Structure formats: structure tokens, C-alpha cells
Amino acid sequence: MAAKFVDIDEQHPTQRFSDLVGEPRRMLMPIQGYEKKPLVSLEEAVEPIVEYVPDVKRMVYVAKIKCAEISPGELSIDEAASITLYSMEWKPQDKCLYYVLNETLRNENRLKLEPWFLFLRLILTALARLPSMARTVYRGVKKDMREEYPEGRILVWWGFSSCTSKINVLSNKQFLGNTGPRTFFTIECDSGKDIRKYSCYQVEDEILLPAARQFKVVSCLSQCEDFCMIQLKEIQPPFPLIELVPQLSINIDDKLSIHMVLFFLLAITIASNAYVTFYHRHNNT
2 MAAKFVDIDE
12 QHPTQRFSDL
22 VGEPRRMLMP
32 IQGYEKKPLV
42 SLEEAVEPIV
52 EYVPDVKRMV
62 YVAKIKCAEI
72 SPGELSIDEA
82 ASITLYSMEW
92 KPQDKCLYYV
102 LNETLRNENR
112 LKLEPWFLFL
122 RLILTALARL
132 PSMARTVYRG
142 VKKDMREEYP
152 EGRILVWWGF
162 SSCTSKINVL
172 SNKQFLGNTG
182 PRTFFTIECD
192 SGKDIRKYSC
202 YQVEDEILLP
212 AARQFKVVSC
222 LSQCEDFCMI
232 QLKEIQPPFP
242 LIELVPQLSI
252 NIDDKLSIHM
262 VLFFLLAITI
272 ASNAYVTFYH
282 RHNNT
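And the structure:
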């Protein structure tokens with residue numbers, strides 16, 4: 002059966018913003034090995050994960066069409082589409098790319114992450130090309146998580162973390178709603194990436210935190226019996242918990258632009274030297 006898209010206008014929760022319940026409470030091994038893989042097309046990057054995300058090839062096709070409709074800016078089409086693909090939701094939820102990827106990132110068996118290396122190389126390269134943002138972002142979950150987040154605790158979110166820059170987004174009934182057990186997170190981050198331009202659902206004002214971010218619980222405030230607010234601050238571990246992507250090369254479009262500028266400057270220099278030579282010869286005669 003073909004997968005069904007979850008449209009933001011339908012009455013379905015957007016699960017990415019609440020995808021933190023499965024985060025392990027123990028330290029895992031660092032994420033490494035993906036950085037040694039080559040940059041390939043998105044189609045090639047998802048080939049090893051088809052058995053885990055059965056409908057991924059069709060979603061890649063949709064993601065690339067979506068990205069072709071916008072100017073990808075500093076990203077290549079494949080890089081931009083990798084972000085779009087991550088943000089896409091369909092049914093069943095446990096077959097969505099974001100869900101399976103985050104579950105794998107949280108698994109202590111790092112061998113299970115190897116089929117994802119090509120995709121990780123592509124999406125983390127894409128995110129590295131975007132400027133990091135130091136700001137407060139928000140996410141939430143329909144669950145009381147006060148016991149898991151006591152004040153002063155140091156923790157790691159191993160999965161990618163979808164957050165929003167607008168506090169009112171989470172009050173929508175598609176997200177947290179206004180009734181039942183709820184935990185609202187305010188996060189002071191310095192590694193957030195504004196992916197609104199590339200997200201499948203731009204109305205969410207999505208800020209994406211890359212995988213393996215470390216935080217400290219600053220405070221926990223119980224607003225009422227069913228609702229609490231937890232304040233987190235991103236901190237830098239003494240050693241990286243995920244290997245950085247190799248030094249980024251310049252996209253081919255940027256290279257062409259640089260070559261054009263250099264050619265223009267060279268032409269100006271030649272013309273200027275020719276004018277000076279002509280001027281001196283004219284005055285000497």
C-alpha cells in the first residue's frame with residue numbers, strides 16, 4: 002500500500018516536534034564514520050536504506066521537485082532536497098525517514114547506523130552550509146517529562162531535533178494543544194539551522210538542531226498539574242559527540258561566480274595598464 006502524506010492542514014499532529022520521548026538517558030558512543038563517505042546524489046544516498054524506509058525513493062522524487070520550485074541558494078539541489086526529505090511526514094509514522102533515522106541514531110549499536118552514512122554525509126553537509134543561529138527555540142511533547150529532566154541534569158539528544166521559532170505554533174491543537182499532560186521545552190541553542198526555506202511545511206517556522214547536541218537543564222517550572230515548562234541550554238562537550246563534516250568545498254555555481262569576478266578584475270587591470278601606457282606615450286610625444 003502506498004504511503005499517505007500528512008498534510009499540515011489536516012487534523013494530524015506534526016510528530017517531528019515531539020520526537021524526543023525515545024532519547025536514551027545513558028551516554029552512547031560518538032557518531033563517526035559517515036564523514037569518510039563521498040558526497041553523492043540523494044537517490045544514491047537513500048539506496049542503502051530502502052529496506053528500512055520502503056517508500057523513500059518516491060519521497061525523494063517529490064522532495065527534488067519541491068526544491069526545483071525554489072532557488073536552493075547556497076545548497077545544491079541534492080543537499081536542499083535532503084533537508085526537505087527529512088521534514089516530510091507520511092503514514093505509517095514508523096516508516097518516515099526522520100523517525101527511522103532518529104531511532105537508529107539513538108540505538109547503542111552503532112553498526113546499525115552504517116546504512117545511513119551516505120544520507121548523513123549529505124544532510125549534515127547541507128546543514129553545515131547554513132549559518133548557525135544562537136537563539137531560543139521551542140518544542141514540546143504530550144507527556145509529563147519532569148522526572149526525566151531534573152534541574153542541573155546534563156543530557157544528549159542523539160537524534161535531529163525539530164524545533165520552532167514561534168511559541169504560538171506549539172499551542173496549536175496539531176501540536177501540543179491545551180489539555181492533557183504536556184511538557185513545553187524552551188531551548189537556548191547556538192547550533193540551530195533555519196530550514197524554513199527547505200522544509201516541506203514552511204508554516205511551522207522550523208529550526209533544526211543537528212544530531213548529538215548536549216544540553217543542561219536550567220530550570221523546570223510546573224505551571225499546573227498537567228503542564229510544565231523545562232528550560233534547556235545547549236552546551237559544548239569537551240570532545241565532539243559527532244564527527245564534523247570535512248572542510249566544505251565551494252559549490253560549482255560559487256566557483257563560476259568567483260571565476261567571473263576574477264576575470265572582471267583582470268580585465269579592469271589590463272585596461273587600466275593599457276590606459277596608463279597610452280597616456281605616458283601621448284605625453285612624451
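Residue 184 in my numbering sits at position 183 of the sequence shown, and the numbers go up by one each step. All C-beta atoms, glycine included, are put in the ideal place defined by N, C-alpha and C. Treat the numbers as computed from the prediction; the structure is a model and nothing was measured.
Asked: From the DSSP output, which residues share a beta bridge with F185?; Found: G141, M230
Asked: Could you give the distance in angstroms between the alpha-carbon of L222 and the alpha-carbon of L112?; Found: 39 Å
Asked: If distances are taken between C-alpha atoms only, which option among L76, V63, M28 comes closest to W287?; Found: For residue 287 there is no data in the structure shown, the boundaries of the chain being 2 and 286.
Asked: Measuring straight from C-alpha to C-alpha, what distance separates L40 and L119?; Found: 7 Å
Asked: Candidates C225, I155, F176: which alpha carbon is nearest Q237's?; Found: I155
Asked: Ordered along the chain, which non-local residues of its own chain (more than five positions away) have a Cβ less than 8 Å from that of S133?; Found: D191, S192, G193, K194
Asked: Helix or strand or just coil, what does DSSP make of D20?; Found: coil
Asked: Identify the residues that DSSP records as bridge partners of D195: which are they?; Found: I208
Asked: Among residues of its own chain, excluding the 5 on either side of V51, which ones have a beta-carbon nearer than 8 Å to its beta-carbon?; Found: V57, K58
Asked: Whose C-beta lies closer than 6 Å to the C-beta of I84 among residues of the same chain, with five residues either side of it excluded?; Found: A127, I196, Y199
Asked: Here's the rule I'm using: 16 or more other beta-carbon atoms within 10 Å means buried, otherwise exposed. How should A46 be labelled?; Found: buried
Asked: Between R140 and T165, is the Cβ-Cβ spacing less than 8 Å?; Found: yes
Asked: Ignoring anything shorter than 4 residues or poking outside the region 91 to 153, list the alpha helix (DSSP H) runs there in chain order.; Found: 98 to 106, 118 to 130
Asked: Measure how close the beta-carbons of E207 and S88 come, nearest whole angstrom, since I'm counting them as under 8 Å.; Found: 7 Å
Asked: Quick one: Cα of P239 to Cα of L98, how far?; Found: 31 Å
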